[in-house]
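Participant: Pasting a structure below so you can have a look.
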Amino acid sequence: MEQPNLIYIDKLANGDESVKKRLIEIIKTEFPKEKKEYLLSLENLDYKKIEENVHKLKHKISILGLEKSYEIANKFEHKLRDQRLIDSKSFEGILIKISEYLKTI
Amino acid sequence: MNCIIIDDEETARVIIRTLCDEIGNLTIIDEFPNAIQAIKFLNENEIDLIFLDIHMPDFSGLDFIKALKNPPKIILTTSDTKFAIEAFEYDCIIDYLLKPIERPRFEKAILKTKKHQAVNTSNTSIADLNHKNDFYVNIDRRLIKIDLPEIYLIEAKGDYIHIKTEDKNYVVHSTLKKIEEKLPESLFLKVHRSYIINVKKIIDIEDNSVLIKKDVIPVSRSNRPELMKRLDLL
Chain S
419 MEQPNLIYID KLANGDESVK KRLIEIIKTE FPKEKKEYLL SLENLDYKKI
469 EENVHKLKHK ISILGLEKSY EIANKFEHKL RDQRLIDSKS FEGILIKISE
519 YLKTI
Chain B
72 MNCIIIDDEE TARVIIRTLC DEIGNLTIID EFPNAIQAIK FLNENEIDLI
122 FLDIHMPDFS GLDFIKALKN PPKIILTTSD TKFAIEAFEY DCIIDYLLKP
172 IERPRFEKAI LKTKKHQAVN TSNTSIADLN HKNDFYVNID RRLIKIDLPE
222 IYLIEAKGDY IHIKTEDKNY VVHSTLKKIE EKLPESLFLK VHRSYIINVK
272 KIIDIEDNSV LIKKDVIPVS RSNRPELMKR LDLL
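Keeping their order, the protein sequence lines are chains S and B.
Those letters in the first sequence? Residues 419 to 523, per this note's numbering, in order.
Those letters in the second sequence? Residues 72 to 305, per this note's numbering, in order.
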């Protein structure tokens with residue numbers, strides 16, 4: 419099972435620890451907010467908002483190197499356009515995995 | 072090149088800023104979390120390149136482009152390939168970067184933008200060589216000759232431009248962009264979205280303004296570096 423990683427961030431930082439640190443800090447701040455917004459939209463069954471939230475979260479998923487999870491998120495986002503919530507459980511599993519990972523970095 | 076970033080996600084803005092920092096001749100003037108704020112900025116400032124996220128709530132990147140009269144060069148940044156075909160219908164869009172943006176792909180996009188700019192600059196130089204010392208304007212069905220070195224200020228006011236010379240002022244139904252194309256770059260500079268000045272006529276410069284004759288003209292933040300370059304400083 420794939421795990422979040424910092425490969426992309428390391429490549430981007432190119433050895434500059436301050437860039438790496440800054441980016442991680444921003445992700446650690448932005449991700450919980452985006453997750454919270456997603457859960458709220460889900461509670462309100464606001465499909466347009468859920469789609470927007472998933473779209474935004476997708477970027478974090480890809481930054482953290484979760485390629486398969488990105489595909490799941492992508493499919494979920496597309497199904498949301500037809501107001502289908504089929505993959506929400508798998509998507510939430512990805513969010514939990516990222517939340518746990520962010521506590522460790 | 073002066074650039075701005077428009078993206079509702081801070082992480083994305085930091086990534087683009089980081090990539091830009093490594094490339095010479097790219098200056099991020101400002102960044103915006105939404106298109107509305109950027110439009111306000113662009114009304115006051117001229118920039119060369121926008122990194123634009125397509126997928127933003129309320130006002131998408133493509134809506135933003137449609138709202139601009141003269142869009143600068145744009146590199147789209149997105150996690151979604153679905154807009155790619157539509158994107159290339161716009162002449163101002165130079166490239167389309169998929170997130171997360173990888174360095175080699177980013178550098179390729181910048182190279183493409185610079186090539187694009189180089190072509191435009193060389194065209195301008197040729198046009199500049201062909202400039203004469205005067206041009207004619209149509210006022211009340213009369214063609215009136217104006218000597219270019221006599222002009223010290225051109226101001227846009229609605230659908231008209233006011234051309235101010237040493238002796239006389241002319242009001243012409245035209246746009247600043249149209250007249251800018253007829254002026255020699257060596258003499259004239261657009262310092263603000265509403266003003267073109269004759270740089271030889273500047274009396275003094277303060278932080279954000281220049282004095283020309285008795286007119287105090289605002290200088291946009293993004294145009295100030297070019298203005299300073301043109302001055303023969305001791």
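Ideal Cβ placement from N, Cα and C applies to all residues, glycine included.
Fair warning: this is a prediction, and the values are worked out from it, not measured in the lab.
Looking at chain B, which residues of the region 436-454 of chain S have a Cβ within less than 9 Å of any of its Cβ atoms?
Facilitator: Answer set for the region 436-454 of chain S: Val437, Arg440, Leu441, Ile444, Ile445, Thr447, Glu448, Phe449, Glu452.
Participant: Compare the C-beta of serine 487 of chain S against all C-beta atoms of chain B and say whether one is closer than 9 Å.
Facilitator: Not an interface residue.
Participant: For a contact defined as C-beta to C-beta under 8 Å, what are the partners of serine 480 of chain S on chain B?
Facilitator: Ordered by position in chain B, the residues that pass the 8 Å Cβ test against serine 480 of chain S are Ser150, Lys170, Pro171.
Participant: Under a CB-based cut-off of 9 Å, is aspartate 134 of chain B close to chain S?
Facilitator: It does not; no Cβ of chain S falls within 9 Å.
Participant: Considering just the uninterrupted stretch of the beta strand (DSSP E) at proline 296 of chain B, what are its terminal residues?
Facilitator: Taken as a continuous stretch (DSSP letters only), proline 296 of chain B belongs to no beta strand (DSSP E), being part of the alpha helix (DSSP H) at 295-301.
Participant: Kindly indicate the opening and closing residues of the alpha helix (DSSP H) around valine 437 of chain S.
Facilitator: Element bounds for valine 437 of chain S: 435-461.
Participant: Verify the CB distance criterion: does lysine 521 of chain S have a CB-CB separation below 9 Å to chain B?
Facilitator: Chain B, which has no Cβ nearer than 9 Å to the Cβ of lysine 521 of chain S, makes this no.
Participant: Can you give me the Cβ contacts of leucine 282 of chain B inside the same chain, cut-off strictly under 6 Å, excluding the 5 residues immediately before and after it?
Facilitator: The residues are Ile274, Asp275.
Participant: Can you tell me where the beta strand (DSSP E) with phenylalanine 122 of chain B in it begins and where it stops?
Facilitator: From DSSP, the beta strand (DSSP E) with phenylalanine 122 of chain B extends over 120-124.
Participant: So if DSSP puts tyrosine 167 of chain B in a beta bridge, which residue, or which two residues, is it bridged to?
Facilitator: Its beta-bridge partners are B:Leu147.
Participant: Alpha helix (DSSP H) containing aspartate 286 of chain B: first to last residue?
Facilitator: Premise fails: aspartate 286 of chain B lies in the beta strand (DSSP E), 286-289, not in any alpha helix (DSSP H).
Participant: For phenylalanine 494 of chain S, which residues of its own chain have a beta-carbon under 8 Å away from its beta-carbon, when the five flanking residues on both sides are left out?
Facilitator: Here the set comprises Val472, Ile504, Asp505, Ser506, Ser508, Phe509.
Participant: Should lysine 179 of chain B be counted as a contact of the ligand MN given a C-beta to heavy atom distance under 8 Å?
Facilitator: The ligand MN is absent from the structure shown, which contains no ligand whatsoever.
Participant: Measure the alpha-carbon distance for leucine 258 of chain B versus glutamate 252 of chain B and round it to whole angstroms.
Facilitator: About 12 Å.
Participant: Using a Cβ distance threshold of 8 Å, determine whether the region 448-463 of chain S contacts the region 104-112 of chain B, with at least three qualifying pairs required.
Facilitator: Flag = no, the region 448-463 of chain S and the region 104-112 of chain B do not touch.
Participant: Alpha helix (DSSP H) containing leucine 498 of chain S: first to last residue?
Facilitator: Element bounds for leucine 498 of chain S: 485-498.
Participant: I'd like the list of long-range same chain contacts for lysine 446 of chain S, defined as Cβ closer than 6 Å, with 5 residues on each side in sequence excluded.
Facilitator: Leu520, listed in sequence order.
Participant: Does the beta-carbon of serine 436 of chain S have 16 or more other beta-carbons within 10 angstroms, so that it is buried, or is it exposed?
Facilitator: When all chains shown are included, serine 436 of chain S counts as exposed.
Participant: Checking contacts by CB at 9 Å: is glutamate 470 of chain S closer than that to chain B?
Facilitator: By this cut-off, glutamate 470 of chain S is an interface position.
Participant: By the criterion of Cβ-Cβ separation under 9 Å, what are the contact partners of leucine 534 of chain S in chain B?
Facilitator: Limits of chain S in this structure are 419 at one end and 523 at the other, which puts residue 534 of chain S out of reach.
Participant: Could you say if the region 426-445 of chain S and the region 76-83 of chain B meet the contact criterion of at least three C-beta pairs nearer than 8 Å?
Facilitator: Yes, the region 426-445 of chain S touches the region 76-83 of chain B.
Participant: Please list, in chain order, all residues of the same chain as isoleucine 75 of chain B whose beta carbon is under 6 Å from its beta carbon, the five residues on each side excluded.
Facilitator: Once the five neighbours on either side are set aside, the close Cβ partners of isoleucine 75 of chain B are Ile100, Asp101, Ile118, Ile121.
Participant: Measuring alpha carbon to alpha carbon, tell me which of B:Val287, B:Lys285, B:Ile267 ends up nearest glutamate 297 of chain B.
Facilitator: Looking at the Cα atoms, B:Ile267 is the closest of the given residues.
Participant: Quick one: grab the DSSP three-state call for asparagine 96 of chain B.
Facilitator: Correct three-state label for asparagine 96 of chain B: coil.
Participant: Going along chain S, which residues have a C-beta under 7 Å from arginine 176 of chain B?
Facilitator: None at all; the shortest Cβ gap to chain S is about 12 Å.
Participant: Can you check which of these residues, B:Phe135, B:Ile225, B:Lys271, is closest to serine 265 of chain B by C-alpha distance?
Facilitator: Measuring from the Cα of serine 265 of chain B, the nearest candidate turns out to be B:Ile225.
Participant: Can you give me the C-alpha to C-alpha distance between arginine 212 of chain B and aspartate 162 of chain B, rounded to a whole angstrom?
Facilitator: Those two C-alpha atoms are separated by around 35 Å.
Participant: Where does threonine 236 of chain B sit, in a helix, a strand or coil, going by DSSP?
Facilitator: In this structure, threonine 236 of chain B counts as strand in the three-state DSSP scheme.
Participant: Alpha carbon to alpha carbon, what distance is there between alanine 138 of chain B and leucine 123 of chain B?
Facilitator: If you take the alpha carbons of leucine 123 of chain B and alanine 138 of chain B, they lie about 14 Å apart.
Participant: Mapping DSSP to helix, strand and coil, what is asparagine 116 of chain B?
Facilitator: If DSSP states are grouped into helix, strand and coil, asparagine 116 of chain B belongs with coil.
Participant: Determine, for asparagine 194 of chain B, whether the minimum Cβ-Cβ distance to residues of chain S falls below 9 Å.
Facilitator: Any reading at asparagine 194 of chain B needs caution, since the residue's pLDDT is 48, under 50, leaving its predicted position unreliable; the model's value is listed next. By this cut-off, asparagine 194 of chain B is not an interface position.
Participant: Roughly how many angstroms lie between the CA atoms of isoleucine 197 of chain B and glutamine 188 of chain B, to the nearest whole one?
Facilitator: Reliability fails at isoleucine 197 of chain B, whose pLDDT of 38 lies under 50, so the model's placement of it is uncertain and the value that follows must be treated cautiously. Using only the alpha carbons, I get a separation of about 14 Å.
Participant: Just to confirm, are leucine 430 of chain S and isoleucine 86 of chain B a CB contact at a threshold of 9 Å?
Facilitator: Result yes, Cβ atoms of leucine 430 of chain S and isoleucine 86 of chain B sit closer than 9 Å.
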